[in-house]
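Here the structure comes first, spelled out in C-alpha cells, and everything after it is commentary.
There are 2 protein chains.
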Amino acid sequence: MELVIISIALGLVAVIYGIITSRQVLKAGDGNDRMREIAGAVQEGAQAYLKRQYTTIAIVGVVVAVIVAYFLGVISAAGFVVGALLSGVAGFIGMNISVRANVRTAAAAQSGLQQGLTVAFRAGAVTGMLVAGLALLAIAVFFWVLTGPMALDLTVQAEKREVIDALVGLAFGASLISIFARLGGGIFTKAADVGADLVGKVEAGIPEDDPRNPATIADNVGDNVGDCAGMAADLFETYVVTVGATMVLTALLITNLASDELFALMSLPLLVGGVCIVTSIIGTYLVRLGKSNNIMGALYKGFITTAVLSVPAIYLATTMALGDMNAVIGGVGIAAETAVEVGVDPASVEAVEGVAGGFTGMDLFWSMMVGLIVTGLIIWITEYYTGTGYRPVRSIAKSSETGHGTNVIQGLAISLESTALPTLVIVIGIIVTYQLAGLMGIAFAATAMLALAGMVVALDAYGPVTDNAGGIAEMAELDETVREKTDALDAVGNTTKAVTKGYAIGSAGLAALVLFSAYTADLVEFFPALDVSFSLENPYVIVGLLLGALLPYLFGAMGMTAVGRAAGDVVKDVRAQFAADSGIMAGTSRPDYARTVDLVTKAAIKEMILPSMLPVLAPIVVYFVITLVAGQANGFAALGALLLGVIISGIFVALSMTAGGGAWDNAKKYIEDGNHGGKGSEAHKAAVTGDTVGDPYKDTAGPAVNPMIKITNIVALLLLAALAS
Amino acid sequence: MELVIISIALGLVAVIYGIITSRQVLKAGDGNDRMREIAGAVQEGAQAYLKRQYTTIAIVGVVVAVIVAYFLGVISAAGFVVGALLSGVAGFIGMNISVRANVRTAAAAQSGLQQGLTVAFRAGAVTGMLVAGLALLAIAVFFWVLTGPMALDLTVQAEKREVIDALVGLAFGASLISIFARLGGGIFTKAADVGADLVGKVEAGIPEDDPRNPATIADNVGDNVGDCAGMAADLFETYVVTVGATMVLTALLITNLASDELFALMSLPLLVGGVCIVTSIIGTYLVRLGKSNNIMGALYKGFITTAVLSVPAIYLATTMALGDMNAVIGGVGIAAETAVEVGVDPASVEAVEGVAGGFTGMDLFWSMMVGLIVTGLIIWITEYYTGTGYRPVRSIAKSSETGHGTNVIQGLAISLESTALPTLVIVIGIIVTYQLAGLMGIAFAATAMLALAGMVVALDAYGPVTDNAGGIAEMAELDETVREKTDALDAVGNTTKAVTKGYAIGSAGLAALVLFSAYTADLVEFFPALDVSFSLENPYVIVGLLLGALLPYLFGAMGMTAVGRAAGDVVKDVRAQFAADSGIMAGTSRPDYARTVDLVTKAAIKEMILPSMLPVLAPIVVYFVITLVAGQANGFAALGALLLGVIISGIFVALSMTAGGGAWDNAKKYIEDGNHGGKGSEAHKAAVTGDTVGDPYKDTAGPAVNPMIKITNIVALLLLAALAS
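Top to bottom, those sequences are chains A and S.
Residues 41 to 765 in my numbering are what the first sequence lists, from first letter to last.
Residues 41 to 765 in my numbering are what the second sequence lists, from first letter to last.
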C-alpha cells in the first residue's frame, strides 16, 4: 500500500511545483495598458469558449455517466466522472496559465530572448506538471480508495473485476472529454486562424494580427483553447489510459501471484510515473540558452536531463516494487503445458511469457528503457521532419519557388514519408519489449513513455504562449525586435507541438496493443465458451480491419470540412462588421471582437459533436451488425479487428498530418527568415498556401486521431462488460 | 478441355474485334498537315519512351526470370516470361492506337460531338478488348498447354503444384511489368504536365499546349504512355492476377473432386471471362449520345448493357461448367469434424465451406452477381465524387473562391471522405459472398468484377485520346468550338479514369484476400509441421500489419517526390532552350521537342526503379529479419500480416488519391465552364493549384498502389515456394 501512497505524494509534488511556478510566472511584468487590454480580451474569449464547451460536454457526460452506471454499476460511473472532471480541470488550468503568460512573455521578450523563453517555458512547465500530476493522482487515489478504504481484494475474481471496470471507467471519462476538447478546440483555433487570414490578409489586405481585423482576438483565443487546453486534455487522457491499461492488463494476465505481490506489480506503473515527475521537474530547471542562443538546444538540455535521470529513478522504483530484480514473475517457470495441472490458465501463462518462460524485474526495467529510447527517437525524428535546419522543411521551402502547386505536392510527399521512421521505431520497440517480457514488456514500455509526459507537455505548451506573445506584440505595436524574438521562439514551438503529437500517437500504438490484449483477455473471462477466431484467415477479421482503418479517414474528412465551414462563417461575420461600420477599417472605431469569438465558439461546439460520436458508436454498430449476420463469435472477432484497424490506419493518418503540417508551417517561417526571396515574394505566397493547408491537418484532424483510437478501444471494453452483465 | 478451348476462342474474338475496330479508327480523317505533324511528334515521342522503358524492364525481367527459373523451375519462369511479354504488348498496343486516334478525334470533333466521341471511344474499346482478350488468352492458353499437351494431372499433388507455380509465375510477370509501366508512365506524364505548366503558364505566361513551349509535346506524349500504356498494363495485370488467383485457390482448396470436375471448376473463371468479352463488345455498340447530348449517359448505356447481358451469360457459363447448379461442391456435405475420418483435410473443408456446409453452382452464380453489383456501385460512387454535377466537386470549386489554401483543404477533405462508400461496398461484398460460398465466393466475385474489364478499360482509355485531341486542336489552332467539344469529352474522361482506378483497387481488395488464402494454404502444404499463428493476438502479426501499412505511404512519397524532381528537370531544360534561342518565344524558330521528351524519358526511367523494388524486396526482408529474431513461424506470420497490411492501408491511400485528384481536376473544369468567375478569375487560379496537386496524386502515386499490392502478395507466394524447394 505504501507504494501507492508514495505515488500520490509524488503526484502532489507536481501540483505544488505547478502552484509555485505559476506564481513566478504571474509575478513577471505584464507590459503596458494596451498589452493588458489585448490580453484581457483573449483571456475573456478563451474562458467564454471553455465555459460553453464544458457545459456542452457536461450534458453529454451526464447522459453517458447514467448509461455507464446502469450497465456497469456505480463504481465504474464514479471512475468515469473522476476521469472526465480531472481531464477538464487539466485543460482549464493549462488554458488559464497560458492566457496570463502570453502577455508576460511579450513583455519579457522586450528585455531579451532568454527572458522571453523563461516566462514562456515556465508557463508550459506548469501545464506539463499539472497534466502529469493530476493524471497520476487520478489513478493512484482512485486505486487507493478501491483497494484501501473499500478493501476490494485483487485475488477475489469478482472484486478484481470491480477494480478493473472502475479503472476502465476512469479511462473512458478522460478519453471522452479529451476527444471533445481536442476536436472542439482544434476546430475553433483553425477556423479562426484560416478565417482571419482569408478575410484579413487576402480580402482586406491587412497584415496578420492587425487589430482592425475583428477575427484577430478569436485567432489568439484559438491558440489557448486548441493548442493548450485541447492538448492538455489529450495528454491527460493518454497518460490515464496508458497507465490504467497497464494496470488492467496486469490484473487480467497475472493470475499466479499472491495478493500483495500482485498489488506491488500493479502499483509499479504509478511509482514509475511518480519518480519521473521528480526527474521532469529537475529537467525544467536546465532549460537555458547557451552561448549559441540555440532555443531547440535549450529545450533539449531539459529533456535529456530528465531522460537520463529517469534511468536510475525507474530502476529504483522497480526495485522498490518488486524486490529481487531477477526473480521470475508471471509464468514462474511453469510451462504452458503443465499449467493446467497446477490450476493456472495456460492461455494467460503463454500470453505473459511471450516467447520465453516468465519475465523478471530486470526484463521490465529494460522494457521501460526501450520506452525511453522510443520517446527520444520520436522527438529526434519529428525535429528532423519539422525543423527548419533539415532537408524536409527546406525541400518544401525550395519547391515554393515554383508555385503553390509544387509547395503542396512536396508537403504531401514529406507528410507521407514522415510516417516511415516512427513506424519502424515503434515496430522495433514492439519486437524488443515483447522478446523481453511478452505483452507486459510492451505495456511497461508504453508506461515509461508516458512517464515523461510532464516534460514533453512542458515543451509543447510553451509554443502557444509564444505564438500569442507574438500576436500581442504585433497588436500592441511593440518594437519589431520583440516580434522577431517571439517568432524565433514560435518556430521552435511548431516543432515541439509536432513532437507531442508524434509522441502521443506513438505511445497510442503501444497502448492500443495493450488495450487489445485487455479486450481478448476480457473476452475469455466473460465468454469462456465462445470460440472467437482473431486469425487473419477469418474474413470477419478482415472486415473489422477495413472498417477500423476507415474511421480515421472519415474522422479526418469531417474535421477538415468542419474547419472549412466554420472559417466561412468567420469570413461572413467579418465582412458584415466591415460593412456595418466603416470606422473599423479606418481605425477610428473598435471592431466587436467578442461577437466573432462567440460565433466561432458556437460553430466549433456544433461541429465537434458528430465526429466525436463516430468512435463511440462505430464499435457498437459493427458488433451488433456482424453478430446479426454471422453470429456472436464473428461479431467479437470483427470488433477486435476494428480496434486494431483503427490504430494501424490511425497511426499513419495522424503522423503524416501532424508532421506534414509542422513542416509546411516552418517552411513558411524559413522563407520569412529571408530565404528563397523572403517575405512578400512569390515563394512566400506559395508557402502561405502550404501553411493554410497544414493548419487543419496538424491542429484539428491529426491530433484528434489519438483520443479517437483510445475511445474506440475503451468503448469495446465497456461493451464487453455490459454484454456480460 | 472444351471449356478452355471455348475460352480461348472467345479471347480470339476480342483480338479480332480489336483489329477490325482499329481499322475503322484508322480510316477516319486525320486532319490537316499541321495536325498530322503534331500528332507525328507525339507518336514518335511515345514510341521512343516505350522503347526505352521496355529495354530497361527487359534487363530487370531477364534477371528476375533467371532467378525464378533457378528457384522454381523452368515452367514457372516460362509463365513469368509470358506474363511479362503480354503485359508489355497490351501497353504497347494501347499506346499505339491512342497516338493515332488523338488526331482523328480532333478532326472528327470538327464535324460534331457524336463524331468525336465515336472515334475516341472506338480507340478506347480497342485497348479495352485487347487488354481483356490478351489477358484471357495468356491464362487460358497457358493452362491449356499445361493440362493438355503437357498432360499435367491436377489430382496428382506434384503435378498440380507445377500448374499452380506456373500460374503464379505468369501473374508475377504481369505484375512486375505493370508496376514499372504504371509508375514510369505516371512519373513521365505528370513530370511533363507539371513541368510544362510551371515553365510555360507561370514563368513565360503562355497558354497550355502552346506550340512555343518545348515541353508541350512531352505533355501530350505523357497522356499516351501514362494514362494509356501504363493503365493498360495495370489492368492486364489485375485481370491475370485475379483470374489466376481464383484458379490457384480452387486447386489448393478443393481436394475432394474428381480430375474432370476439378478441371471444370478451374476453367469456370476463364469461361466467365470469355462470355463477358462478348457482352462487352455488344455494349460498345450502344455508346451513343441521346437527345440530351449527355456524354456520361452515353457511356453508361454501354456499360449497363454489358452488365445486364452478363447476368444470363454468366449463368450460362456456370451451367456449362458445372452442370447441375444445385449440386453441392467442396465440402459435399461433410462436416469438418468428420472430414478427418474420410481422409479430407478438415482445414480445407472449413475454409471452403465458410459458414454453411459446402456450396453450389447457384452460390457461385450469386457471388458473381455480387461482383457485378460491386462494380456498378463503385462506378456510381466514383462518378458522384468526381463528376461536375455533384456536391464534392462543386464544394471544391466553391472553396476556390477564398483562395488556394481552402481549395486544397476542401480537396483533401473530399479525398479522405471518398474512401468511405467504396470501403463499405467492398466490406458488404466480402460478407455476402463469404456467406454464400466461403472463400470461393469472394474469389468468384472478384473474377466477375474483372470479367467486365474490357468495357471498363474502354471507358477509361477514351479519356487520354480526347485529352490529346484537345492539345492537338490547341496547337494546330483549330476553331475554338473544337476545343470546347474535346474539353467536354475530356471532363467525362477525368471521371472514367478515376472509375477504372477505383475499380482496380476495389477488385484488388477482394483479390488480395484470395492471394492471402493461397498463401496460407501454401504454407500448410509446404510446412505442415509449422504452427503459424495469424491471430491478431500475436505481436508479430501486428508488426507485419504495421510494416505492410507503411508500404503504400512510402511508395506514395517516393512517387510524389519523383514527379517533383523530374518536373524540375523539365523546367531547367525549357529555360535553357528559351535562353539559347530567342526565336522560340518569338515564334520564328521551332523548339527542340525531342530533347525535352528524351529528358523526361530518362528521368522517368531512373525514378521508377527504386520505388518498384520496394514491394519486391519488402516481403523478403521482413520474412528473414523476423525469422532471425523470433523464429520461422513468426517470420511467416509477419509476412502474411504484411500482405494484408498492404491492402488495408493501400486501398485507402489509392482510393483517396485517385478520387481526390479527379475531383480537383473537374473542379477546375467546372470553373472553366463559367462558374465562380470562370477562366482567369482568382477562383480559377486556386483551382489550377488544386489540379496540379491532384496530378501526381491521381496519375502517379495512387494508381501504382494497385500493382504494388499484388506484387507484394505474389513475391510472398514465390518466396514460400522457393523456401520449400
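Where a beta carbon is used, it is the ideal one built from N, C-alpha and C, also for glycine.
Keep in mind that this is a model prediction, so the values were computed, not measured.
Between the CA atoms of A/Phe220 and A/Ser440 - distance to the nearest angstrom: 35 angstroms
Within chain A, partners of S/Gly443 - CB distance below 7 angstroms: Leu238 and Val242
Pick from A/Val693, A/Val65 and A/Val665 that is closest to S/Leu464, judged by C-alpha positions: A/Val665
Interface positions of the segment 556–578 of chain S facing chain A (Cβ-Cβ less than 8 angstroms), listed along the chain: Phe556, Ser557, Thr560, Ser573, Phe574, Ser575, Leu576 and Glu577
7 angstroms Cβ shell around S/Val280 - same chain, five flanking residues per side excluded: Gly123, Ala175, Ala178, Ile179, Leu210, Ala211 and Ala214
Interface partners of A/Ser696 on chain S, CB under 8 angstroms: Tyr593
Neighbourhood of S/Ala391 by C-beta distance below 8 angstroms, restricted to the same chain and skipping five residues each side: Any reading at S/Ala391 needs caution, since the residue's pLDDT is 46, under 50, leaving its predicted position unreliable; the model's value is listed next. Closer than 8 angstroms at the Cβ level, and outside the excluded window around S/Ala391, lie Leu293, Gly478, Leu479, Ser557 and Ala561.
Contact check, S/Val662 vs S/Gly584, beta carbons under 8 angstroms: yes
Endpoints, alpha helix (DSSP H) assigned at A/Trp298: The sequence given here has Ala at residue 298 of chain A, not Trp. Taken as a continuous stretch (DSSP letters only), A/Ala298 belongs to no alpha helix (DSSP H), as it is neither H nor E.
Enclosing alpha helix (DSSP H) for A/Leu682 [first to last residue]: Gln672 to Glu712 is the span of the alpha helix (DSSP H), which, as asked, contains A/Leu682.
Through-space distance from S/Val603 to S/Ser652, alpha-carbon basis: 15 angstroms
Under 7 angstroms (Cβ pairs) to chain A, residues found in the segment 716–743 of chain S: Thr729, Thr732, Val733 and Pro736
Candidates A/Glu77, A/Ala172 and A/Trp184, of which the one nearest A/Ile317 by Cα: A/Ala172
Per-residue burial, S/Pro352 [other beta carbons within 10 Å of its own, 16 or more giving buried]: exposed
Where the alpha helix (DSSP H) through S/Leu326 begins and ends: It is not in any alpha helix (DSSP H) - S/Leu326 carries neither H nor E in the DSSP assignment.
Proximity of A/Thr286 and A/Gly262 at Cβ, strictly below 8 angstroms: no
Neighbourhood of A/Phe120 by C-beta, 6 angstroms cutoff - its chain only, sequence neighbours within 5 removed: Ala105, Val108, Gly209, Phe212 and Gly213
C-beta neighbour in chain S for A/Ala681, strict 8 angstroms: So, interface residue.
Where A/Thr195 falls: helix, strand or coil (DSSP): coil
Interface partners of A/Thr752 on chain S, CB under 9 angstroms: The premise fails here: A/Thr752 is roughly 15 angstroms from chain S at the closest Cβ pair, so nothing lies under 9 angstroms.
Residues that A/Tyr430 contacts on chain B, provided the C-beta gap is smaller than 8 angstroms: Here chain B cannot be found, since the structure's protein chains are A and S.
8 angstroms Cβ cutoff, A/Tyr543 in contact with chain S: no
Where the alpha helix (DSSP H) containing A/Glu565 begins and where it ends: Boundaries of the alpha helix (DSSP H) around A/Glu565: Glu520 to Phe566.
Inter-stretch contact (C-beta, 8 angstroms, three-pair minimum) for the segment 699–719 of chain S and the segment 426–441 of chain A: no
Secondary structure of A/Val572, DSSP reduced to three states: coil
Contacting positions in the segment 482–502 of chain S - beta carbon closer than 8 angstroms to chain A: Under the 8 angstroms Cβ criterion, the segment 482–502 of chain S contributes Ile482.
Reference A/Leu679, options A/Pro743, A/Leu759 and A/Lys709, closest by Cα: A/Leu759
Close-in-space but distant-in-sequence residues of the same chain around A/Leu695 (CB under 7 angstroms, 5 per side omitted): Ser458, Thr459, Pro462, Gly542 and Ile545
S/Thr729 burial status per 10 Å Cβ neighbour count (16 or more: buried): buried
Interface flag, S/Leu585 vs chain A, CB-CB below 8 angstroms: yes
A/Met600 at chain S interface by Cβ criterion, 8 angstroms: yes
Cutoff 8 angstroms: A/Ala538 Cβ touching any chain S Cβ: no
Beta-carbon spacing of A/Val497, A/Ala272 below 8 angstroms: yes
Cβ contact (3+ pairs, closer than 8 angstroms) linking the segment 328–342 of chain A and the segment 504–523 of chain A: Short answer: they don't touch.
Neighbour flag for S/Gln450 against chain A, beta carbons, 8 angstroms: Yes, because at least one Cβ of chain A sits closer than 8 angstroms to the Cβ of S/Gln450.
Proximal residues of chain S, C-beta to C-beta of A/Leu553 below 9 angstroms: Within 9 angstroms Cβ-Cβ: Pro579 and Ile582.
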